[in-house]
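> Sequential numbering from 21 applies to the sequence shown in this note's numbering. Structure incoming, see below.
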Amino acid sequence: MGIKRVLVIGLDCLEPGLVFERFAGRLPTFDRLRGMGRWGRLRSPVPAITVPAWMVMATGYD
21 MGIKRVLVIG LDCLEPGLVF ERFAGRLPTF DRLRGMGRWG RLRSPVPAIT VPAWMVMATG
81 YD
């Protein structure tokens, strides 16, 4: 069995609708990557600041 690879792209403080809807035609690489895998929004923890949010994303714990 081959090595499974994971690519995580975090767009800190960017509204996903801008990348995936409004500017999708100008960002073909993001559109292709999204079509090849999974994507979703991270529900921010409290306080909604960068360091705690990344820890929640990495561990799944708030």
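No residue lacks a Cβ here, since even glycine has one placed at the ideal position from N, Cα and C.
Looking at the secondary structure, which residues open and close the alpha helix (DSSP H) in which Gly60 lies?
No alpha helix (DSSP H) contains Gly60, which DSSP labels as neither H nor E.
> So, helix, strand or coil for Val76, using DSSP?
The answer is helix: DSSP assigns Val76 an H, G or I state.
> Let me make sure I understand the geometry here. Which of Tyr81, Phe50 and Lys24 has the alpha-carbon closest to that of Leu31?
Phe50
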